[in-house]
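Q:
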Amino acid sequence: MNYKGKALTIAGSDSSGGAGIQADLKTFQAFDVYGMSVITSVTAQNTLEVKAIYDIPKEFVALQIDSILEDIGVDAVKTGMLSNEEIIETVAERLKFYKIEKVVVDPVMVSKSKARLLKESAEKRFLELIIPLAFIITPNIPEAEVISGVKIKNTDDMKVSAKIIREMGAKNVLIKGGHLEGEVTVDILFDGRDFHLFEEKRIQTKNTHGTGCTFSSAITACLARGEDIYSAVKKAKRYITLAIREAPNNIGRGFGPLYHNVGGIV
Numbered sequence: 076m077n078y079k080g081k082a083l084t085i086a087g088s089d090s091s092g093g094a095g096i097q098a099d100l101k102t103f104q105a106f107d108v109y110g111m112s113v114i115t116s117v118t119a120q121n122t123l124e125v126k127a128i129y130d131i132p133k134e135f136v137a138l139q140i141d142s143i144l145e146d147i148g149v150d151a152v153k154t155g156m157l158s159n160e161e162i163i164e165t166v167a168e169r170l171k172f173y174k175i176e177k178v179v180v181d182p183v184m185v186s187k188s189k190a191r192l193l194k195e196s197a198e199k200r201f202l203e204l205i206i207p208l209a210f211i212i213t214p215n216i217p218e219a220e221v222i223s224g225v226k227i228k229n230t231d232d233m234k235v236s237a238k239i240i241r242e243m244g245a246k247n248v249l250i251k252g253g254h255l256e257g258e259v260t261v262d263i264l265f266d267g268r269d270f271h272l273f274e275e276k277r278i279q280t281k282n283t284h285g286t287g288c289t290f291s292s293a294i295t296a297c298l299a300r301g302e303d304i305y306s307a308v309k310k311a312k313r314y315i316t317l318a319i320r321e322a323p324n325n326i327g328r329g330f331g332p333l334y335h336n337v338g339g340i341v
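Here's what the structure looks like:
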C-alpha cells in the first residue's frame with residue numbers, strides 16, 4: 076500500500092507534542108500522507124508556557140532539507156517557526172533552489188502562551204523572502220495585522236488585509252477569523268480574483284494548542300494529495316473543527332492539544 080502523497084514540514088519542535096512538527100506529522104498521518112520534518116528550532120514547552128528556545132544552526136537546517144529532497148522528494152511543503160534571519164534566508168534559498176511550488180506558509184510569530192517565536196529583527200526578512208514563495212499563506216488575525224498593517228475588526232477588514240498580503244507575493248491568502256467574536260468562525264481565502272468564505276460553528280474550549288500548525292499542515296496534506304486550493308482549505312477547515320471538538324481534557328493544565336486522529340475527512 077502506498078501513501079497518497081509526501082509532505083514536508085519545516086518548523087520548530089514542541090516538546091509537549093501539541094504544536095510544531097509534532098502536530099504537523101500527526102496531521103499528515105491522519106490524511107494518509109507520508110510526513111517528513113526539518114527542525115528549525117527546539118523548544119522546551121508545555122501547555123502553560125515556552126521555557127526556552129534553541130535555534131538550529133543554519134547549516135544543519137540546510138543539510139536536513141537537502142537530505143530529504145535529494146532522495147525522497149516532496150509533493151508539498153509547509154513552513155512554520157522560522158525564528159531568525161539566518162534560518163529564514165537558508166530556508167528561502169533552498170526552497171528556491173529545489174523549485175518547490177506548493178509551499179504553505181504558516182507565519183508563526185507568537186505562541187499560544189504569548190512567547191515570541193519570530194524575532195522582531197527578523198520580521199522584515201520574513202516578509203521579503205518567505206511570503207513571495209507562498210502558494211498559500213495562513214495568518215490568523217494578529218499575524219495578518221502585523222504583515223499587512225491593517226487593524227482587523229470585521230470580515231471587510233480581513234478582505235482588505237488579504238489583498239495587501241497578496242500584493243506582497245503570495246498566490247493565495249487565507250486569513251483565519253477565529254479571533255473575531257461570534258458563534259461562527261469565518262476564514263477568508265483570497266485567490267487574487269475572488270473571496271471564498273469558510274464557516275464552522277465556534278467551539279468553546281481552552282484546548283487550542285497547535286491549531287494554527289494543524290490547520291496549515293492539513294492544507295499541506297491535501298495539496299500533497301493533489302487537491303486544488305479550494306478543496307484543500309475546505310477539508311482542512313472541517314478537520315481542524317473536528318480536531319478541536321474532540322480535543323482531550325486530560326492533557327496538561329493550560330492550553331491543551333487537539334485530537335488529530337479524527338475520521339470522516341479523507
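Per the working numbering, the very first residue in the sequence shown carries number 76; after that it's consecutive.
Yeah, the Cβ is synthetic: ideal placement off N, Cα and C, and Gly gets one too.
It should be emphasised that the depicted structure is a prediction, and the values quoted were computed from it without experimental measurement.
Have a look at Glu176, Asp146, Glu168 and flag the residue whose alpha-carbon is nearest the alpha-carbon of Leu298.
A: When each option's Cα is compared against that of Leu298, the closest is Glu176.
Q: Under a three-way DSSP split, which group does Tyr109 fall into?
A: Correct three-state label for Tyr109: strand.
Q: At what residue ranges does the region 196-241 contain a whole run of the alpha helix (DSSP H), taking only runs of 4 or more?
A: You should have 216-223.
Q: Report, in whole angstroms, the separation of the C-beta atoms of Leu83 and Met111, which I expect to be a contact under 8 Å.
A: Going by Cβ atoms, the distance from Leu83 to Met111 rounds to 5 Å, so yes, they are a contact pair.
Q: Can you tell me the Cα-Cα spacing of Arg277 and Glu242, whole angstroms?
A: Their backbone Cα atoms lie some 30 Å apart in a straight line.
Q: How is Ala94 classed by DSSP in three states: helix, strand or coil?
A: Residue state, collapsed to three classes: coil.
Q: What did DSSP end up calling Arg300 once you bin it into helix, strand or coil?
A: Correct three-state label for Arg300: coil.
Q: Using 8 Å as the threshold, is the C-beta distance between Thr122 and Gly87 below it?
A: In this structure, Gly87 does not lie closer than 8 Å to Thr122 by Cβ.
Q: Do you know how far the Cα of Gly285 is from the Cα of Leu170?
A: C-alpha separation (whole angstroms): 24 Å.
Q: Which term fits Val108, buried or exposed, when burial requires 16 or more other beta carbons within 10 angstroms of its beta carbon?
A: When all chains shown are included, Val108 counts as buried.
Q: Quick one, which of Glu145, Leu144, Ile114, Tyr173 has its alpha-carbon nearest Leu157's?
A: If we check each option's Cα against that of Leu157, Ile114 comes out closest.
Q: Please classify Tyr305: does DSSP put it in a helix, a strand, or coil?
A: In the structure shown, Tyr305 sits in a helix (DSSP, three-state: H, G or I).
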